[in-house]
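I have placed the structure first, in the form of structure tokens, so that the comments after it can refer back to it.
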Amino acid sequence: MTDQSPQAQLDLIQKAFEHDFERFFPYARDPITLELDQALAEQRAVIELRTRHLGKKSALAASKKLIGRVAPEERAGFGQKVQAAEEKFDMLLHEVEERLREYIESARTARESIDVTMPGRRPRSGHRHPITLLRERLEDVFVALGYAIEDDREIETDFYNFDALNIPENHPARAWQDTFYTTEGFALRSQTSTVQIHAMQRRGVPVRMIAPGRVFRRDTPDPTHNPMFFQVEGLCVDRGITMAHLKGTVGEFLKRMFGPDTVTRFRPSYFPFTEPSAEFDFSCFKCKGSGCRICKNSGWIELGGSGMVHPNVLRAVGVDPQEYSGFAFGLGIDRMCALMYELDDIRLLFENDVRFLEKFE
Ligand code: DAH
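Counted from 1, the sequence shown has number 806 at position 361 by my numbering; the numbering is strictly sequential.
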């Protein structure tokens, strides 16, 4: 650079500035549409540009030292040119700096301002799970029939899950109720029938209770099975209780759940803790018995098991079967829920997908 004439050097300095400044020029001319942080970055870039072209170490500052080397008759003229270049750079930079500063200030104000006329964001309130909704309906029906509600443990000993329910060790009924065992001789209960035993031990007899709750089985999940599901157990023990009371109670419960024209049907069956035992079905709530997809065209929906409490179960809790008799029943809440809401896959109830759960209430 030094072998060029001062005037040529000054021309190069001006060119270099114009080249670097070109990009920023639109800020002085056009409306600015940057995001706030982009604008801040541009502001820093302009500061850097000013240092590079007008700072103490800039080429322009160096060119001032050349003034003395210019021939005396041209010196004043050259000095003025340097001065003019400096003023021009400063003016152009100043304009851009000002515009950016104003823009940043208003962008900050806009970001911090609150539109008090905007509607507030309504907090999303939670609601009950479909199984809870159904459980509460069941509870209401039985409370109205004079039943207490029992809630009991989900981890059990063999005694409550099997022995006291007349399922001794090596009884085949243990196999279809295979559950999850811990190493200390405990197991997750495979049926809410365990609460029959707890309730009679706690309350003595007579007793009338239902026990809704979670049960577990060693099942592979599929559209109709889940290793964890819900049942409700019912137990009524008193003097002179007969099968007629069982049929009347279950029939009344189903009428209150599904409407007064609901018909109940009992089929002989086997359960270790009842004798005699029966499974019960009710007339399809959808087609009223004529046959549809829900009842698989049979007109009936199978719901649960029941029977007269086995004398061995009464004996297991120290109740004299000569003096007392009772009935018991059990049914699956989630199965009932899946039927009522026409769910094709019972696992939907346990996946906790809010898009599904929000459909209820
Ligand atoms: N515990 C039985 C099950 O899980 C259901 C059941 C059947 C309960 C008959 C009862 C009953 O109380 O009497 O399949």
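Here a beta-carbon is modelled for each residue, glycine too, at the ideal position from N, C-alpha and C.
Being a predicted model, the structure only gives us computed values, none of them experimental.
Q.
Run through the DSSP bridge pairs and tell me what Trp621 is partnered with.
A. In the sequence shown, residue 621 corresponds to position 176, counting from 1. Its beta-bridge partners do not exist; DSSP assigns none.
Q) How is the alpha helix (DSSP H) around Thr639 delimited, first residue to last? A) As a position in the sequence shown, residue 639 is number 194, starting the count at 1. Segment Thr639 to Arg648, the alpha helix (DSSP H) holding Thr639.
Q | Neighbourhood of Leu545 by C-beta distance below 8 Å, restricted to the same chain and skipping five residues each side | A | In the sequence shown, residue 545 corresponds to position 100, counting from 1. The residues are Tyr472, Ile477, Ala484, Glu487, Gln488 and Val491.
**Q.** Length of the line joining the Cα atoms of Gly513 and Phe466
**A.** Locating residue 513 in the sequence shown gives position 68, counting from the first residue. Locating residue 466 in the sequence shown gives position 21, counting from the first residue. Roughly 29 Å separates the two Cα atoms.
Q: Output the distance between the C-alpha atoms of Leu499 and Lys460, rounded to the nearest integer angstrom.
A: Stepping through the sequence shown from its first residue, residue 499 is reached at position 54. Stepping through the sequence shown from its first residue, residue 460 is reached at position 15. Whole-angstrom Cα-Cα distance: 14 Å.
(Q) Here's a check: name, in chain order, each residue in its chain whose Cβ is nearer than 6 Å to the Cβ of Trp745, leaving out the five neighbours to either side. (A) One-based indexing of the sequence shown puts residue 745 at position 300. Within the same chain, Trp745 has close Cβ partners Asp726.
Q: Keeping to the same chain, check which residues put their C-beta closer than 8 Å to that of Arg684; ignore five residues upstream and five downstream.
A: Locating residue 684 in the sequence shown gives position 239, counting from the first residue. The residues are Pro651, Glu768, Tyr769 and Ser770.
Q) At a cut-off of 7 Å, is Gln767 close to ligand 1 when judged by its beta-carbon and the heavy atoms of the ligand? A) As a working note, residue 767 is residue 322 in the sequence shown. Gln767 Cβ: outside cutoff for every heavy atom of ligand 1.
Q. Per DSSP, what kind of secondary structure is Ile746 in: helix, strand or coil?
A. Here the question's residue 746 lines up with position 301 in the sequence shown. The three-state secondary structure of Ile746, taken from DSSP, is strand.
Q. Bridge partners of Arg580, per DSSP?
A. By 1-based counting over the sequence shown, the position of residue 580 is 135. Arg580 is not bridged to any residue.
Q: Say yes only if the C-beta of Phe718 is nearer than 7 Å to one or more non-hydrogen atoms of ligand 3, and no if none qualify.
A: Among the ligands present in this structure, namely ligand 1, ligand 3 is not found.
Q.
Please report the distance separating the alpha-carbon of Glu796 from that of Ile549.
A. If you number the sequence shown from 1, residue 796 lands on position 351. If you number the sequence shown from 1, residue 549 lands on position 104. Taking the straight line joining both Cα atoms gives about 48 Å.
Q.
Extract the residue ranges of the beta strand (DSSP E) inside the region 463–508, only unbroken runs of 3 or more that lie entirely within it.
A. none
(Q) My output table needs one value for Gln676: the three-state DSSP class, helix, strand or coil. (A) By 1-based counting over the sequence shown, the position of residue 676 is 231. In this structure, Gln676 counts as strand in the three-state DSSP scheme.
Q. Is Ala773 near ligand 1, with its Cβ less than 7 Å from a heavy atom?
A. By 1-based counting over the sequence shown, the position of residue 773 is 328. Yes, ligand 1 has a heavy atom inside 7 Å of this Cβ.
(Q) Just list the residues that DSSP pairs Leu776 with in beta bridges. (A) Stepping through the sequence shown from its first residue, residue 776 is reached at position 331. Note: Leu776 sits in a beta bridge opposite Val677 and Gly749.
Q | Touching by the beta-carbon criterion (3+ pairs, under 8 Å), the region 748–755 and the region 714–731 | A | yes
Q) Nearest-angstrom Cα distance between His755 and Arg800? A) Looking up residue 755 in the sequence shown gives position 310. Looking up residue 800 in the sequence shown gives position 355. Rounded to the nearest angstrom, the two C-alpha atoms are 45 Å apart.
Q: Please look up how many angstroms separate the CB atoms of Gln622 and Arg662, rounded, as I've assumed it's under 8 Å.
A: Working through the sequence shown from its first residue, we reach residue 622 at position 177. Working through the sequence shown from its first residue, we reach residue 662 at position 217. Contact holds; Cβ gap of about 7 Å.
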